[in-house]
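Below you'll find the structure, written out as structure tokens, and then a few comments.
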Ligand SMILES: *[C@@H]1O[C@H](CO)[C@@H](O)[C@H](O)[C@H]1NC(C)=O
Ligand SMILES: *[C@@H]1O[C@H](CO)[C@@H](O)[C@H](O)[C@H]1NC(C)=O
Ligand SMILES: *[C@@H]1O[C@H](CO)[C@@H](O)[C@H](O)[C@H]1NC(C)=O
Ligand SMILES: *[C@@H]1O[C@H](CO)[C@@H](O)[C@H](O)[C@H]1NC(C)=O
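Numbering (mature numbering (1 follows the signal peptide of the UniProt record, and there is no 0)), first residue to last: -20 to -1, 1 to 388.
In structure tokens, the structure reads:
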């Protein structure tokens, strides 16, 4: 089984069967969600701290931003093929073309030509949810999806990065073969000109529910995850020029459901997640110059599956997530200069497994995610880096978790 510790986890059930299903598992430790009173108390207690945080003022860009919300599920039985577009100028969502199949727990990325590539995931079928190898491309000019080449293997809970050449690297994820589910180590490269995937080097460790970021030298770093038997501290680097992976120093602890953010100076911040026995408050920094991790400040509380975004001033925002006390509405900011996490404004709705996208340097959009019952949310909120405050914006047309938000 996927690690099921404290709090809420997206859980895969029936792993060795031939009729796999996915489900969102509810709180299994009986913890009650935080009440309104407790949330308001926390907001008051934090106000002084928030007021003390110095936020660098960043001007709002003249042109608006568009963000595509794609697929996902409602935390229950419905998986979506639909997509919708958020327009920051009108602060509204509008329907756009739908994918050819419903997908959840897939990965999407913006290509260098502005189109959006969607890969794999899980779809419903008449009998059970099935992992997908298929891929589709969204053209923001026409609002139309077209199918493109399939990956060699079905994957979900995998990761993607765009390399400087424009090729897209896909790696890991859970897959299914003749003897059931396995954690993939295989990696593939997508060429948008030909619309095809070709194999590249494999990771040393198969893994799903891990994190991957691009490094400034054009290579890619993966960290943590789960291999269907145990949680991983392992990290590996993909060298784009050779197409090979090398194992680098592991993190100080295993981390599944971690946040991994590439900082503007080239270092990479790994935060929270869970190991085999506990949710984690610790964070650590990877330095590509030494290929080593070193400890940095800890979060106020252990946290996993929160939203994360790099802000325009180089700090990192975390929002929401699952804690030992239930689902969080809190958010925190990390400054590499001080090595400390400080609380900032709170979300109006507690949420976990929630995506975030930066809209320029001064705003972050979060949408959807799961609530304390494990059901998906439709609501969306904007973080203002100048004030450290969240404000609600229009909700999506449907509640979505396991979906992707991509800034166009
Ligand atoms: C993309 O899909 C649309 C609608 O299904 C179709 O009309 C169009 O010809 C396709 N375009 C390409 C390039 O395949
Ligand atoms: C993608 O494929 C095209 C057509 O074969 C080729 O010319 C191009 O070099 C490839 N791109 C990369 C980055 O390899
Ligand atoms: C998991 O993390 C907790 C908290 O940091 C630590 O006490 C524990 O030893 C770790 N467990 C494993 C198996 O690494
Ligand atoms: C989660 O959302 C569902 C559906 O909107 C709602 O019925 C449920 O009460 C919510 N749970 C919590 C704890 O807010």
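Note that the Cβ used here is the ideal one computed from N, Cα and C, for glycine as well.
Between which residues of its own chain and residue i is the CB-CB distance below 6 Å, once the five residues before and five after are set aside?
i, result
"residue 114", "130"
"residue 398", "The first residue shown for the chain is -20 and the last is 388, placing residue 398 beyond what the model contains."
"residue 289", "297, 336, 338 and 344"
"residue 277", "319, 320 and 321"
"residue 363", "344 and 370"
"residue 361", "327, 346, 370 and 372"
"residue 117", "95, 97, 126 and 128"
"residue 88", "50, 96, 98, 384 and 386"
"residue 172", "91"
"residue 136", "85, 100, 101, 102, 111, 153 and 154"
"residue 220", "143, 198 and 199"
"residue 174", "none"
"residue 355", "55"
"residue 202", "190, 192 and 216"
Going by C-alpha distance, which of the options is nearest residue i?
i, options, result
"residue 52", "358, 388, 372 and 365", "358"
"residue 373", "118, 152, 348 and 301", "348"
"residue 241", "336, 54 and 229", "336"
"residue 74", "57, 123 and 93", "123"
"residue 151", "157, 104 and 205", "205"
"residue 146", "92, 121 and 133", "92"
"residue 82", "221, 270, 57 and 164", "57"
"residue 272", "246, 229 and 238", "229"
"residue 226", "207, 243, 268 and 247", "268"
"residue 316", "70, 247 and 224", "247"
"residue 244", "224, 294 and 237", "294"
"residue 72", "62, 80 and 44", "44"
"residue 168", "224, 365 and 378", "224"
"residue 207", "165, 231, 222 and 239", "165"
"residue 238", "231, 274 and 251", "251"
Does residue i pass the burial test, meaning 16 or more other C-beta atoms within 10 Å, or should it be called exposed?
i, result
"residue 370", "buried"
"residue 380", "buried"
"residue 196", "exposed"
"residue 126", "exposed"
"residue 376", "buried"
"residue 179", "exposed"
"residue 101", "buried"
"residue 27", "Residue confidence is low: residue 27 scores 29 on pLDDT, short of 50, so the model does not pin down where it sits. Its coordinate-derived value is still stated next. Result: exposed."
"residue 209", "exposed"
"residue 139", "buried"
"residue 270", "exposed"
"residue 25", "Here the model assigns residue 25 a pLDDT of 28, short of 50, so the residue's position is not dependable and the matter cannot be decided."
"residue 160", "exposed"
"residue 275", "exposed"
"residue 76", "buried"
"residue 104", "buried"
Near residue i, which residues of its chain fall below 7 Å by C-beta distance, leaving aside the five closest residues on each side in sequence?
i, result
"residue 312", "279, 280, 298, 321, 322, 323 and 324"
"residue 17", "Annotation note: pLDDT 34 at residue 17 (below 50); position unreliable, no value reported."
"residue 234", "204, 211, 212, 213, 255 and 256"
"residue 236", "-18, 189, 204, 205, 206, 211, 253 and 254"
If residue i and residue j are in contact, beta carbons under 8 Å, what's the gap, nearest whole angstrom?
i, j, result
"residue 282", "residue 259", "4 Å"
"residue 386", "residue 90", "5 Å"
"residue 63", "residue 78", "6 Å"
Can you name, in chain order, every residue of its own chain whose Cβ lies under 8 Å from the Cβ of residue i, other than the five neighbours on each side?
i, result
"residue 383", "49, 50, 51, 52, 53, 60, 84, 335 and 348"
"residue 157", "133"
"residue 141", "89, 148, 149, 192, 193, 194 and 200"
"residue 46", "65, 66, 67, 68, 120, 387 and 388"
"residue 222", "181"
"residue 162", "154, 155, 156, 186 and 208"
"residue 232", "213, 262, 264, 273 and 275"
Using 6 Å as the cut-off, classify the Cβ of residue i as near or not near the heavy atoms of ligand 5, replying yes or no.
i, result
"residue 102", "For ligand 5, the structure offers nothing, since it holds only ligand 1, ligand 2, ligand 3 and ligand 4."
(request) Say whether the stretch 213 to 226 touches the stretch 180 to 193, bearing in mind that this needs 3 or more beta-carbon pairs closer than 8 Å, one atom from each stretch. (result) With the cut-off at 8 Å, the stretch 213 to 226 and the stretch 180 to 193 touch.
(request) Mind the definition here: the stretch 256 to 263 touches the stretch 216 to 230 only if three or more C-beta pairs lie below 8 Å; say whether that holds. (result) no
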